[in-house]
Structures are given as structure tokens and as C-alpha cells.
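For the record, in the sequence shown the residue sitting at position 39 is 27 according to our numbering, with numbers rising by one throughout.
By construction, the Cβ of each residue, glycine as well, lies at the ideal position given by its N, Cα and C atoms.
This structure is a prediction, so every number in the text was calculated from the model and none was measured.
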Amino acid sequence: MRLVSPRGDRIPIDAMVSRIDARTRVVTASTVTFAPGFRTEVDRLGRACRERGVFFMVDAAQSCGVLSTDVAASQIDGLAVLRPRKVCWGSTAWASSIVPVPGGTDAAGLSGAFQRPM
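1. Where does ASP58 land, buried or exposed, given buried means 16+ other C-beta within 10 angstroms?
2. Using DSSP bridges, identify the partner residues of ARG(-2).
3. Determine the direct distance from the alpha carbon of THR28 to that of ARG40, and round the result to whole angstroms.
4. Name the DSSP beta bridge partners of ARG27, please?
5. Which of helix, strand or coil does DSSP assign to VAL5?
6. Roughly how many whole angstroms lie between the Cα atoms of ILE8 and ASP65?
7. Taking Cβ positions, are LEU33 and MET4 nearer each other than 8 Å?
8. Just the Cα atoms here: how many angstroms apart are ASP2 and LEU67?
9. Do you know how far the Cα of VAL14 is from the Cα of PRO24?
10. Just the Cα atoms here: how many angstroms apart are SER193 and VAL20?
11. Straight-line CA distance for ARG(-5) to PHE26?
12. I'd like to check one pair, ALA81 with VAL113: are the Cβ atoms closer than 8 Å?
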């Protein structure tokens, strides 16, 4: 895992992109961070991920209902939103490639976990 620290009032996309290499399978980012509320340039990051064949997962919990997020234009492969009802969107190609893990659990310890074959 590689983390990128904020610089000033933003998350530097160039620093995030520079950390993507041949071993990178997924890049995650928030549209807006919880604190202090930085906005991420998801269009630029999505484009970089697509060019490199890397899955782009975006957390839109802090911006849902406030900012518009166009998953196609931003080249987002998966979008998660935590509201009264959990919502997770995934591209058709991604969604069709995941399979349930018999008896598995997800990160929160809930049964019915999924894995994506590599």
C-alpha cells in the first residue's frame, strides 16, 4: 500500500499517479475527504488509472447529494457511498468478474465476501 499525504489544501494527483507501477492493481480515492474536506481531481486520476489498466475505486460518501459524480466521464470502475442504505456501484466488466467466497467474510467481518480473480 502506498499513501499520499496532502500538500497545502489538496491531495496531489501527480504524486498519486507517480506511485502507480506494474504491481498496482487498484487505486482508491475519496471525491471529498472527511477532514478537512479536500476535493480530489477524480477525472485526472481516473484517466491515469484507465491508461495503466488499474481498477479505480472511489468513495463518494462525503460528496453524495452535494457534488455531481459522473462515473463514465471520470472513468470510475467502482463507486461506494455510505448513506442510510449502503450503495456500491461497479462497472459491468468488474461486477461480472467477482465471485462469492464460500464461507468468507468481508473487511467488516460480514459473511458473503467477494473476491476478484487475478
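So, from the listed chains and residues:
1. Here residue 58 corresponds to residue number 70 of the sequence shown, with the count starting at 1. By the neighbour-count rule (16 or more Cβ atoms within 10 Å), ASP58 is not buried but exposed.
2. In the sequence shown, residue -2 corresponds to position 10, counting from 1. DSSP output for ARG(-2) lists ARG(-5) as bridge partner(s).
3. Locating residue 40 in the sequence shown gives position 52, counting from the first residue. Locating residue 28 in the sequence shown gives position 40, counting from the first residue. Their backbone Cα atoms lie some 19 Å apart in a straight line.
4. Here residue 27 corresponds to residue number 39 of the sequence shown, with the count starting at 1. The partner list for ARG27 (beta bridge, DSSP) reads VAL20.
5. Mapped onto the sequence shown, residue 5 falls at position 17. Helix at VAL5.
6. In the sequence shown, the residue the question calls residue 8 occupies position 20. In the sequence shown, the residue the question calls residue 65 occupies position 77. Between the C-alpha atoms of ILE8 and ASP65 there is a straight-line separation of about 16 Å.
7. For the purposes of this step, residue 33 is taken as the residue at position 45 of the sequence shown. For the purposes of this step, residue 4 is taken as the residue at position 16 of the sequence shown. Cβ atoms of LEU33 and MET4: closer than 8 Å.
8. The sequence position of residue 2 within the sequence shown is 14, counting from 1. The sequence position of residue 67 within the sequence shown is 79, counting from 1. The C-alpha of ASP2 lies about 22 Å from the C-alpha of LEU67.
9. Within the sequence shown, numbered from 1, the residue matching residue 24 stands at position 36. Within the sequence shown, numbered from 1, the residue matching residue 14 stands at position 26. Cα-Cα distance, rounded: 24 Å.
10. Limits of the chain in this structure are -11 at one end and 106 at the other, which puts residue 193 out of reach.
11. What you label residue -5 is simply residue 7 of the sequence shown in a count that begins at 1. What you label residue 26 is simply residue 38 of the sequence shown in a count that begins at 1. For ARG(-5) and PHE26, the distance between alpha carbons rounds to 10 Å.
12. In the structure as shown, the chain starts at -11 and stops at 106, and residue 113 therefore has no counterpart that could be examined.
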